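Residue numbers (the UniProt record's numbering), protein chains in the order written: chain A, 1 to 409; chain B, 1 to 409; chain C, 1 to 409; chain D, 1 to 409.
One structure below.
4 protein chains.
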Amino acid sequence: MKPSNKLKILNDPIYGFITIPNSIIFDLIEHPFFQRLRRISQMGLSYLVYPGAHHTRFHHAIGCMHLMQKAIQVLRFKGVKISEEEEKALCIAILLHDIGHGPFSHAMEHSIVSGVSHEEISLLFMQELNAEFNDDLTLAIQIFKGKYHRKFMLQLISSQIDMDRADYLKRDSFYTGVSEGNINSERLITMLHVKDDHLVIEDKGIYSIEKFLVARRLMYWQVYLHKTSLVAEQLLIRVLKRAKELVKNGVKLQASKPLSFFLENEITLNEFNSDCLETFAKLDDYDIVSAMKNWQYHDDFVLKNLCDMIINRHLLKVKIKKKPIKQDVLDNHKKTLQQKHSISDHEANYFVFTGQISNQAYTRKKQNINILYKNGKVEDIVKASDQLNLKALSKTVTKYYICYPKDKL
Amino acid sequence: MKPSNKLKILNDPIYGFITIPNSIIFDLIEHPFFQRLRRISQMGLSYLVYPGAHHTRFHHAIGCMHLMQKAIQVLRFKGVKISEEEEKALCIAILLHDIGHGPFSHAMEHSIVSGVSHEEISLLFMQELNAEFNDDLTLAIQIFKGKYHRKFMLQLISSQIDMDRADYLKRDSFYTGVSEGNINSERLITMLHVKDDHLVIEDKGIYSIEKFLVARRLMYWQVYLHKTSLVAEQLLIRVLKRAKELVKNGVKLQASKPLSFFLENEITLNEFNSDCLETFAKLDDYDIVSAMKNWQYHDDFVLKNLCDMIINRHLLKVKIKKKPIKQDVLDNHKKTLQQKHSISDHEANYFVFTGQISNQAYTRKKQNINILYKNGKVEDIVKASDQLNLKALSKTVTKYYICYPKDKL
Amino acid sequence: MKPSNKLKILNDPIYGFITIPNSIIFDLIEHPFFQRLRRISQMGLSYLVYPGAHHTRFHHAIGCMHLMQKAIQVLRFKGVKISEEEEKALCIAILLHDIGHGPFSHAMEHSIVSGVSHEEISLLFMQELNAEFNDDLTLAIQIFKGKYHRKFMLQLISSQIDMDRADYLKRDSFYTGVSEGNINSERLITMLHVKDDHLVIEDKGIYSIEKFLVARRLMYWQVYLHKTSLVAEQLLIRVLKRAKELVKNGVKLQASKPLSFFLENEITLNEFNSDCLETFAKLDDYDIVSAMKNWQYHDDFVLKNLCDMIINRHLLKVKIKKKPIKQDVLDNHKKTLQQKHSISDHEANYFVFTGQISNQAYTRKKQNINILYKNGKVEDIVKASDQLNLKALSKTVTKYYICYPKDKL
Amino acid sequence: MKPSNKLKILNDPIYGFITIPNSIIFDLIEHPFFQRLRRISQMGLSYLVYPGAHHTRFHHAIGCMHLMQKAIQVLRFKGVKISEEEEKALCIAILLHDIGHGPFSHAMEHSIVSGVSHEEISLLFMQELNAEFNDDLTLAIQIFKGKYHRKFMLQLISSQIDMDRADYLKRDSFYTGVSEGNINSERLITMLHVKDDHLVIEDKGIYSIEKFLVARRLMYWQVYLHKTSLVAEQLLIRVLKRAKELVKNGVKLQASKPLSFFLENEITLNEFNSDCLETFAKLDDYDIVSAMKNWQYHDDFVLKNLCDMIINRHLLKVKIKKKPIKQDVLDNHKKTLQQKHSISDHEANYFVFTGQISNQAYTRKKQNINILYKNGKVEDIVKASDQLNLKALSKTVTKYYICYPKDKL
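As structure tokens, this is what we get:
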């Protein structure tokens with residue numbers, strides 16, 4: 001299973017070609033844990049709005065690894081010492097940083113394995129793989145956990161200008177066709193530097209960072225939090241919640257073995273042992289969609305209708321407001337539904353609900369973005385900018401939504 | 001379910017925006033028969049080679065419809081009369097021309113519903129929809145069946161320069177990242193004309209057509225018939241064949257209801273009634289992948305291993321040759337496998353087999369491409385070209401392959 | 001000279017194809033006044049920094065006209081009545097809106113024809129052409145002058161979201177390769193609407209407008225006001241100023257006839273008669289560059305060195321600061337130069353000078369951008385935005401620069 | 001003038017960023033001989049057809065140098081030893097390979113310096129620079145002259161798959177907007193290898209080469225030999241021919257000094273000394289266009305009209321035929337013109353003339369393209385291809401044209 005000594009390359013519509021740098025990366029990609037990512041949509045159900053957005057976690061992870069190679073090359077060019085060992089570890093860590101994602105990425109965290117984050121599961125996967133690969137992942141794990149003494153390395157993997165964002169913003173913009181969200185990852189990387197063990201951006205990159213933050217903000221409101229994606233994700237979360245509820249009440253539900261396991265058991269981080277991980281590793285979008293295709297013919301009014309809505313794409317109506325939704329508006333929609341179908345209040349809550357969404361384009365508190373001047377001085381980008389708009393962008397924006405059935409239900 | 005009178009637009013990474021021209025097109029897209037295409041991969045298992053190639057039949061069908069609108073606009077500009085009724089019918093016909101595809105597109109035709117082509121099933125779907133839509137699809141069906149008196153209209157849907165090819169070559173090139181396969185659909189369409197009721201290309205488009213044919217040839221050999229795609233598709237066909245075989249022998253196999261139906265019944269075109277179509281409409285890639293994920297743990301040596309190969313992507317070895325594979329080469333590989341696993345000859349055939357692939361870049365006999373000169377003369381492109389290379393491209397190229405297990409099996 | 005009834009199309013690397021809509025547009029493009037724009041660089045001397053930026057005013061003007069056609073199509077689709085006469089006038093007005101630009105666009109206004117803006121000269125050209133084209137441009141001129149009763153039409157030509165900006169930002173970003181400056185003109189146009197005779201943007205376009213303003217800001221600071229472009233333009237202005245000065249003092253300078261005319265005569269708007277316009281129409285980048293190529297061997301120390309700097313691209317050193325340059329810094333540089341070359345203070349001023357640059361990403365006072373909500377309400381974008389960053393962007397940013405010779409002089 | 005130790009990068013719309021690898025390359029680019037290329041159009045007068053095609057020899061030369069760096073990186077990866085000295089020489093040689101081009105590139109060779117090719121002048125420039133740069137260009141010159149023992153190095157600079165073509169096809173396609181001519185230079189380079197000291201292409205690249213050759217063929221007929229470009233170039237050649245003729249007859253013509261020199265003197269390769277080269281180095285597109293702008297008002301009927309045709313773009317009519325133009329057709333057009341203007345036969349020949357154009361997509365005789373199989377075998381691409389179309393493409397195609405005045409003259 002060793003890769004030959006030939007140039008292993010992958011076609012990528014975005015970067016042209018991606019080179020697999022060495023045999024451990026190759027072997028990790030070949031591993032069933034990683035191949036599973038081919039069956040997990042990067043953007044959840046967003047393809048219901050953007051029909052091109054069927055790209056996967058697999059593709060994204062490899063894209064990140066590609067950008068990491070570029071970043072290492074740029075930093076070395078500027079005199080930052082990075083050993084071959086560290087390079088390998090950085091590539092492994094970014095490749096696996098999201099391997100813990102469950103089906104439909106984020107929806108899963110709020111339903112199936114509630115209380116365990118995908119980062120924690122990523123770490124479990126890395127440890128399992130480390131055992132299998134004779135401790136070859138030890139340094140990668142150290143960096144990923146923030147335990148390595150060179151702090152900037154973690155920042156390449158997880159910060160406000162990490163290789164994760166550099167890839168996903170570009171990739172999601174590409175596949176959705178929302179070209180305003182496109183960022184110039186190549187240029188951003190060209191301007192990376194390290195100062196006092198922290199990742200910084202050279203001062204000539206100020207406008208690019210500003211643009212990057214605005215593009216990210218646009219992607220959040222226009223794509224990730226698009227009202228149709230939002231309602232689809234909320235429905236998906238409710239499908240799984242209802243399924244768990246029914247199972248707990250002794251109702252029989254057809255589902256794949258791994259999905260049944262997670263419907264029947266409430267798993268906490270402590271119980272997430274090797275067997276459990278093995279089962280988790282068998283779970284992907286296909287289990288969920290197949291279950292929903294089946295459940296749309298189930299007897300339960302709630303489950304049936306939720307599944308039908310997603311599978312045949314006649315979703316709930318959704319409205320987004322700047323102010324919290326008033327209780328009586330919510331109540332009215334529920335009353336209408338209950339009168340029509342004589343369902344309980346608890347059941348009606350599955351179809352009529354409110355919530356809030358929020359986004360902060362730039363966070364000043366945590367891992368802020370620093371600008372490096374030619375004279376060696378370092379300054380937070382908000383201060384470095386010649387205008388106050390970045391300060392404005394560091395305020396959190398919150399919006400409120402309500403979902404309720406269309407005429408069809 | 002009526003679309004509002006607003007500009008209904010879809011984001012498309014390739015064309016920018018796609019406009020839904022009218023309410024019947026909108027309603028057809030909303031229909032579960034069509035929404036199903038969201039769950040059918042346009043390029044089958046090619047994403048195992050090209051990780052970006054997860055686009056769907058849904059997206060392609062809408063892309064074709066978009067190009068059809070452009071073609072109609074160009075032809076009208078040049079004085080070709082096309083009524084609103086005909087325009088609507090053309091858009092419907094191209095939108096639905098591939099609706100009969102089963103899971104993983106082409107693999108299905110050689111396994112699940114053998115003996116019934118996807119075009120025939122497309123027609124069944126159209127007729128079913130026609131009943132539901134108060135005969136609004138009658139003209140579209142006439143054109144699709146070649147029964148309409150204006151012959152060029154069928155050529156826009158099905159010929160060597162139809163809107164289907166104009167979209168899929170561009171789209172597949174885009175999503176695979178094989179940029180050499182990219183064609184300039186917009187320019188090709190700009191050069192369309194109609195002469196004596198036949199679709200022709202204006203003479204200044206000769207080099208573009210030549211380039212189009214060479215791009216198509218490249219896509220065939222480098223992408224569609226890529227050896228890894230090829231072996232994956234062959235494995236998929238064999239999974240379904242084996243599954244049918246086992247079911248016939250009374251072995252119980254877990255599968256979704258629609259998949260079970262087609263595993264248990266051999267359906268011919270005559271038996272393809274409305275109920276059967278309804279069941280077929282519930283079948284998509286998710287049924288197949290979920291089944292394989294389950295079957296990889298089945299007791300049957302053949303089924304288990306075939307499924308495992310696809311799901312975890314350690315496929316058979318494949319070699320492509322210019323000459324037919326010799327019998328003794330085949331026999332040797334089979335013998336090696338049988339010695340290792342003590343399986344029957346019949347079982348070994350699932351893992352060691354040969355076949356042939358062929359492609360003809362340009363077909364002169366059927367629906368040839370005609371060039372229109374400024375003086376009104378029309379000539380086959382092979383004659384019109386100033387070089388003999390198009391003549392050369394109209395020869396069929398055949399290659400031969402052999403597949404056999406790697407060390408792992 | 002009438003265009004045939006064929007589809008007249010132009011290749012454009014940005015939009016694919018541009019169609020010439022009718023014969024008057026065709027004839028205007030053919031006119032020597034307009035052909036002249038082929039010889040005027042859109043971005044002045046920016047190609048000294050961005051080697052790809054050799055695109056011309058000709059190309060930009062046609063690009064604007066293309067976007068105008070799109071905008072008209074979108075507005076009509078939304079029910080805004082625009083007559084064929086108005087459509088023609090809008091296309092003419094945008095095509096000719098910049099025809100009054102002199103060589104190297106903006107540099108000219110500050111040297112050759114100081115005191116007469118390019119807009120005023122554009123109007124003179126339009127009036128001249130109107131006479132030649134039998135008053136066919138009357139409505140276009142009315143719109144351009146703001147005298148037409150439908151005010152939104154002028155806004156399509158000149159406002160903060162006009163077709164001029166929609167093209168030049170996209171085009172300049174494309175040709176410089178500064179991809180962060182790229183804007184999605186197509187999407188912006190899709191969101192245009194007219195309310196109470198004013199151009200507005202539908203509310204779903206808020207984030208796109210924000211992105212557009214930030215992209216524009218980035219282009220200003222990173223491209224248009226790039227320090228090397230800045231110094232090149234300042235040198236060019238000084239070349240022409242010095243040349244005029246020498247001519248006034250009786251020094252003989254080789255130059256083309258039209259250039260000599262403008263060096264010898266100080267023309268005000270009143271004196272800009274038909275003959276003068278005819279001479280102006282013969283002036284383009286080639287006259288200036290050819291003159292400088294010649295003048296780099298002239299006896300005059302100032303003229304010779306200024307020309308040499310531009311032609312052989314060893315420009316002055318330039319520093320950009322957030323605060324005004326102190327007088328003694330300026331004086332020191334001048335002293336150094338005067339000691340080295342024993343030139344007068346007046347002469348030294350040509351090589352050592354300061355100045356300021358400023359940009360306002362969004363102007364609230366004049367032609368502000370209004371957002372149209374679904375309920376019909378209209379609001380300034382600054383208020384409509386969910387964050388304060390647009391307010392921040394409406395503050396003017398000013399920077400200060402100093403230029404002085406490198407070692408070479 | 002030394003470059004700092006910073007990463008010197010240039011924006012390129014095609015490759016994103018181009019890095020200047022070392023200080024001698026930097027200094028060569030800064031040299032006035034090279035800066036001159038900023039004022040020479042890469043595609044001559046093609047911008048009269050493709051308004052975006054204003055890119056320069058300067059940009060192309062730097063693009064080639066960029067691709068050379070990539071090629072060296074790929075070859076080294078595959079184990080081909082290339083020393084740092086050789087790398088520098090290869091970059092210099094490709095950077096300067098076209099430095100000998102005169103104004104409007106090819107037109108010049110047939111008029112101003114007839115009998116001296118641009119390659120010969122490139123060599124003269126290199127030798128001149130070598131003296132100035134302390135023999136740092138010696139190895140580059142050796143490679144360029146084919147005198148270096150490692151033959152594949154010349155093939156990187158000049159062969160059917162050299163870096164020159166890899167850049168100009170991509171660049172010309174990009175700037176004209178003729179996207180069918182686009183080639184995937186990156187992929188081609190990825191497939192380069194060296195076998196027995198010859199540049200070869202790995203066998204998996206066969207279809208890409210085929211596509212490259214067809215794209216090149218398309219660019220020739222559709223762009224480089226586009227009938228309008230063709231007639232513009234022919235007119236330009238005749239302008240210079242007529243100017244020389246007039247000068248020889250004692251007529252006074254206004255022109256820049258360097259242009260006057262070449263109009264007055266017939267220079268052969270032997271006479272091309274250092275002074276002459278210095279004068280040549282001052283000649284660029286601006287001298288020619290400025291002269292034509294002036295000469296359009298000259299008394300000479302021929303010169304005046306030829307210049308006017310180019311400057312104001314009302315060119316001669318041109319027809320392209322598969323067979324030679326018959327003498328009587330030519331004679332008739334001449335007669336018509338002579339009757340109208342009472343000019344001599346010699347003068348009429350400037351406006352009515354025939355000629356032929358030809359192109360061979362692939363040349364088998366000289367520097368053929370060889371395919372390297374995995375087993376080490378090497379084969380000419382024509383044989384290696386699975387179809388005969390490449391054989392067909394190696395036939396020369398010839399076409400014939402006639403030019404004559406439109407009504408306007």
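Idealized CB from N, CA, C, for every residue including glycine.
Fair warning: this is a prediction, and the values are worked out from it, not measured in the lab.
Check: Tell me where the alpha helix (DSSP H) around residue 316 of chain D begins and ends.; Outcome: Neither: residue 316 of chain D is in no alpha helix (DSSP H) and is coded neither H nor E.
Check: Quick one: which chain D residues come within Cβ less than 9 Å of residue 177 of chain C?; Outcome: 10, 11, 12, 13, 14, 15, 16 and 17
Check: Contact criterion: CB-CB distance below 8 Å. Does residue 84 of chain A meet it with respect to chain D?; Outcome: no
Check: Identify the residues that DSSP records as bridge partners of residue 10 of chain D: which are they?; Outcome: D:18
Check: Exposed or buried, which one is residue 9 of chain D when buried takes at least 16 other CB atoms within 10 Å?; Outcome: exposed
Check: Excluding the 5 residues flanking residue 476 of chain D on each side, which residues of the same chain have their C-beta closer than 8 Å to its C-beta?; Outcome: The shown model of chain D, from 1 to 409, leaves out residue 476 of chain D, and the question about it has no answer.
Check: In the DSSP assignment, find the unbroken beta strand (DSSP E) run with residue 105 of chain B in it and report its ends.; Outcome: Here residue 105 of chain B belongs to no beta strand (DSSP E), and DSSP marks it neither H nor E.
Check: In whole angstroms, what separates the C-alpha of residue 262 of chain C from that of residue 235 of chain C?; Outcome: 18 Å
Check: When DSSP labels each residue in this structure, what does residue 205 of chain C get in the three-state scheme?; Outcome: helix
Check: To be precise: take each residue of the region 54 to 83 of chain A, compare its Cβ to all Cβ atoms of chain B, and keep it if any distance is under 8 Å. Which residues remain?; Outcome: 54, 55, 56, 58, 59 and 62
Check: Between which two residues does the alpha helix (DSSP H) carrying residue 60 of chain D extend?; Outcome: 57 to 77
Check: Identify the residues that DSSP records as bridge partners of residue 403 of chain C: which are they?; Outcome: C:318 and C:353
Check: Evaluate residue 271 of chain D with the Cβ neighbour count: other Cβ atoms within 10 Å of its Cβ, from every protein chain shown; 16 or more gives buried, anything less gives exposed.; Outcome: exposed
Check: Helix, strand or coil for residue 391 of chain D per DSSP?; Outcome: helix
Check: Given a threshold of 16 other Cβ atoms within 10 Å of its Cβ, counted over all protein chains shown, does residue 284 of chain C qualify as buried or as exposed?; Outcome: buried
Check: Less than 8 Å between CB atoms is the rule here; does residue 186 of chain C satisfy it with respect to chain B?; Outcome: yes
Check: Spatial neighbours of residue 256 of chain A within its chain, please: C-beta separation below 6 Å, excluding the five flanking residues on both sides.; Outcome: 287
Check: Could you tell me the distance, in whole angstroms, from the CA atom of residue 166 of chain A to the CA atom of residue 183 of chain A?; Outcome: 8 Å
Check: When you compare only the Cα positions, how much space is there between residue 307 of chain B and residue 137 of chain B?; Outcome: 41 Å
Check: Have a look at residue 168 of chain D and residue 399 of chain D and give me their C-alpha separation to the nearest angstrom.; Outcome: 24 Å
Check: Does the beta carbon of residue 207 of chain B come closer than 8 Å to any beta carbon on chain D?; Outcome: yes
Check: Going by DSSP, what residue range makes up the beta strand (DSSP E) through residue 193 of chain D?; Outcome: 192 to 195
Check: Applying the 10 Å Cβ sphere with the 16-neighbour rule, what's the burial state of residue 419 of chain C?; Outcome: Residue 419 of chain C lies beyond the range of chain C shown here (1 to 409); nothing can be said about it.
Check: Go ahead and label residue 303 of chain C buried or exposed: buried means 16 or more other beta carbons lie within 10 angstroms of its beta carbon, across all protein chains shown.; Outcome: buried
Check: If you count every other CB in all the chains shown that lies within 10 Å of the CB of residue 76 of chain B, and 16 or more means buried, which is it?; Outcome: exposed
Check: For residue 74 of chain D versus residue 189 of chain D, is the C-beta spacing smaller than 8 Å?; Outcome: yes
Check: Compare the C-beta of residue 256 of chain D with all C-beta atoms of chain C and state if any pair is closer than 8 Å.; Outcome: yes
Check: So for residue 380 of chain B, helix, strand or coil by DSSP?; Outcome: strand
Check: Give me, in chain order, the residues of the same chain whose beta-carbon lies closer than 7 Å to that of residue 122 of chain D; leave out the 5 immediate sequence neighbours on both sides.; Outcome: 96, 97, 98, 99 and 100
Check: Run the CB neighbour count on residue 327 of chain B, radius 10 Å, all protein chains shown included, and call it buried at 16 or more, exposed below.; Outcome: exposed
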